[in-house]
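Before any comments, here is the structure.
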Amino acid sequence: MKSLFIILILFFSVNLFSQNISGKVTYVLSLEPIQEKKIDSMVAKSDFKNAKMEKMMRDIFKNTPDVNAYLEFNNQKSIYFVEDKMEVDGKAKLNMNRVLAGGDNKIYKNIKTKEYLKENLRENLLIEKKRKNGKLLKNQNR
């Protein structure tokens with residue numbers, strides 16, 4: 001009887017501690033290449049009548065390298081960030097993929113303490129989100 005009791009305790013303790021889930025998800029973000037016609041129509045609609053600005057706009061949409069973003073998580077907390085890449089030629093270029101993926105922002109969430117932290121351009125913001133409770137007043141069938 002003792003051995004059965006010990007086996008049951010071991011089984012339940014192993015089962016309880018095996019529920020820790022953690023991991024790292026890698027996202028590769030890329031834009032579909034924008035066709036020349038589409039870029040021409042965007043340039044025509046824009047207020048840029050300067051040839052230098054037009055060239056810069058074309059370069060931004062044509063030459064957007066892929067960006068890696070990561071989500072690291074466990075049962076209680078997670079962090080999302082975009083990989084930092086050094087510029088090879090020393091010139092900072094606007095990368096639309098990086099901007100759309102979150103740029104330099106890092107997002108941290110802790111479920112246990114209900115913290116949501118967003119690092120925005122090297123400024124840390126602690127955001128408290130209060131849970132909204134709502135009531136269903138009337139049920140309508142359509």
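Going by this note's numbering, 64 is the number at position 64 of the sequence shown; the sequence numbering is gapless.
Glycine included, C-beta positions come from ideal geometry on N, C-alpha and C.
Quick one: what's got a C-beta closer than 8 Å to residue i's C-beta in the same chain, skipping five residues either side?
i             : result
arginine 58   : Ile39 and Val43
alanine 101   : Tyr27, Leu29, Val67, Ala69 and Val82
methionine 96 : Leu31, Ile60, Phe61 and Thr64
asparagine 20 : Asn74 and Asn75
Using three-state DSSP, classify residue i as helix, strand or coil.
i             : result
isoleucine 9  : helix
lysine 2      : helix
isoleucine 79 : strand
lysine 93     : coil
lysine 49     : coil
lysine 132    : coil
lysine 55     : helix
aspartate 40  : helix
Just list the residues that DSSP pairs residue i with in beta bridges.
i                : result
alanine 34       : Looking at the sequence itself, residue 34 is isoleucine, so the reference to alanine does not match. Isoleucine 34 pairs with nothing; no bridge assigned.
asparagine 68    : Val28
phenylalanine 61 : Beta-bridge pairing links phenylalanine 61 to no other residue.
glycine 23       : Phe73
Mind reading off the beta-carbon distance from residue i to residue j? Whole number of angstroms is fine, and I expect it under 8 Å.
i           : j          : result
lysine 49   : serine 78  : Not really, about 46 Å apart at Cβ, beyond 8 Å.
tyrosine 80 : leucine 71 : 5 Å
Quick one: what's got a C-beta closer than 6 Å to residue i's C-beta in the same chain, skipping five residues either side?
i                : result
phenylalanine 61 : Ile34 and Ile39
serine 22        : Asn74
valine 25        : Leu71
lysine 106       : Phe81 and Glu119
isoleucine 111   : Gln76
Starting from the C-beta of residue i, find all residues in its chain whose C-beta is less than 7 Å away, skip the five residues before and the five after it, and write them out in chain order.
i           : result
glycine 103 : Val82
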